[in-house]
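First up is the structure itself, then whatever we jot down about it.
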Amino acid sequence: GLADTAKKNFGGGNTAWEEKTLSKYESSEIRLVEITENLCNSSNFECNNMVEEHEEHIEKWWFKLKKKYPDLFKWFCIETIEVCCPAGTYGPDCLACRGGSERPCHGNGHCDGDGTRGGDGSCSCNKEYTGDFCLDCSNGYFSTFRNETHSVCTACHTACKTCTGSSNKDCQDCKEGWIKNEEAACVDLDECTAAPCKDHQYCLNTDGSFSCKACDASCVGCTGEGSDKCKTCASGYMKEDEKCTDIDECNLPEKVCVKENQDCVNTSGSYKCVCSEGFEDKDGTCVQTVKTGK
Numbered sequence: 001g002l003a004d005t006a007k008k009n010f011g012g013g014n015t016a017w018e019e020k021t022l023s024k025y026e027s028s029e030i031r032l033v034e035i036t037e038n039l040c041n042s043s044n045f046e047c048n049n050m051v052e053e054h055e056e057h058i059e060k061w062w063f064k065l066k067k068k069y070p071d072l073f074k075w076f077c078i079e080t081i082e083v084c085c086p087a088g089t090y091g092p093d094c095l096a097c098r099g100g101s102e103r104p105c106h107g108n109g110h111c112d113g114d115g116t117r118g119g120d121g122s123c124s125c126n127k128e129y130t131g132d133f134c135l136d137c138s139n140g141y142f143s144t145f146r147n148e149t150h151s152v153c154t155a156c157h158t159a160c161k162t163c164t165g166s167s168n169k170d171c172q173d174c175k176e177g178w179i180k181n182e183e184a185a186c187v188d189l190d191e192c193t194a195a196p197c198k199d200h201q202y203c204l205n206t207d208g209s210f211s212c213k214a215c216d217a218s219c220v221g222c223t224g225e226g227s228d229k230c231k232t233c234a235s236g237y238m239k240e241d242e243k244c245t246d247i248d249e250c251n252l253p254e255k256v257c258v259k260e261n262q263d264c265v266n267t268s269g270s271y272k273c274v275c276s277e278g279f280e281d282k283d284g285t286c287v288q289t290v291k292t293g294k
């Protein structure tokens, strides 16, 4: 509020008039109202309620104490109504957070109650860090720098559960789906060699895992994606140019739709018999459609 209202000017041109007017505005009740209105976010009910409750304190500071105590937040919130603490401190007595008030949690986490009269000063560490003071590295991270006040943890290779460096050879333990090879490096375990998928599926190996995918509709069993990876062809399909392709039953030498006034329609892996144009099905027989007059 103070900074926002301090930027105001009247942009006139009469310098003497502006100096006199701005001087009055600087310490006026109008500016006080504007500062009070800007203290809180408009949607913050608790803050707005608190300002309203302690309006007299703010007026007292504005007219009598602001020169002696230029920091409104410190005088009002911390020292007078005692609902806040300086940054990096917490609790009824504004004690320093773990790691110190200048860098709570050594800069690697959040201090519970930071800046308030609540909390217990404990640290909630960022994902890379663990421990009471957020100085230790979490699983999946390794230390690249550490002293009494600073710690930097960097992500391990994707294959490592724990590690001492950045490569897959620096893994102490491999993640699930990875295995150590003869060079003691964590490499992908190909789960597909154990044939874990169902008969109508094929196995797709991925880094650290695998997935089972549906075979093409033309296949009975398959080794991969597409009609060219079928073990055998499904009913209604035949092997052609190393692929299982649809058999067009409607073009076979022997008719498949044998009823009178029927046409054959080919479909993927099958066919269907439908009544010819101008005919409709009546109890399994194609009869001529009766046109009704309007």
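Each residue of the sequence shown is one higher than the one before, starting from 1 at the first, in UniProt numbering. Heads up, the beta-carbon is just placed ideally off N, CA and C, and yes, glycines get one too.
- About 20 Å separates the beta carbon of F142 from that of C123, a gap too long to meet the 8 Å contact definition.
- Cβ-Cβ distances below 6 Å link N205 to D190 and C192 in the same chain, with the five nearest sequence neighbours on each side left out; the list follows chain order.
- Restricted to the stretch 51-119, the beta strand (DSSP E) segments that are unbroken, complete and at least 3 residues in length are 109-111, listed in chain order.
- Taking all protein chains in view, the Cβ of L135 is crowded by 16 or more other Cβ atoms within 10 Å, so the residue is classified as buried.
- Residue environment: G118 is assigned as exposed (fewer than 16 neighbouring CB atoms within 10 Å of its CB, all protein chains considered).
- Rounded to the nearest angstrom, the gap between the Cα atoms of Y90 and S101 is 9 Å.
- Put simply, of K229, D241, T245 and G226 the residue whose alpha carbon is nearest the alpha carbon of S235 is T245.
- In its chain, beyond the 5 residues on either side, K259, E260, N261, Q262, C275, S276, F279 and E280 have a beta carbon closer than 8 Å to the beta carbon of C286.
- Around the Cβ of R98, a 10 Å sphere holds 16 or more other Cβ atoms; the residue is buried.
- DSSP places T193 within a helical segment (H, G or I) once states are collapsed to three.
- Sequence-distant partners of T130 (beyond 5 residues in either direction) whose C-beta falls short of 6 Å from its own C-beta, in its chain, are D136 and S138.
- In the displayed model, S151 falls within a strand according to three-state DSSP.
- Listed in chain order, the non-local C-beta contacts of I179 below 6 Å within the same chain comprise L189, local neighbours out to five positions each way being set aside.
- In the three-state scheme derived from DSSP, where H, G and I count as helix and E and B as strand, S227 is classed as helix.
- For N126 and G208, the gap between their C-alpha atoms comes out near 25 Å.
- DSSP, read as helix, strand or coil, puts C134 in coil.
- Rounded to whole angstroms, Y202 and K282 show a C-alpha spacing of 45 Å.
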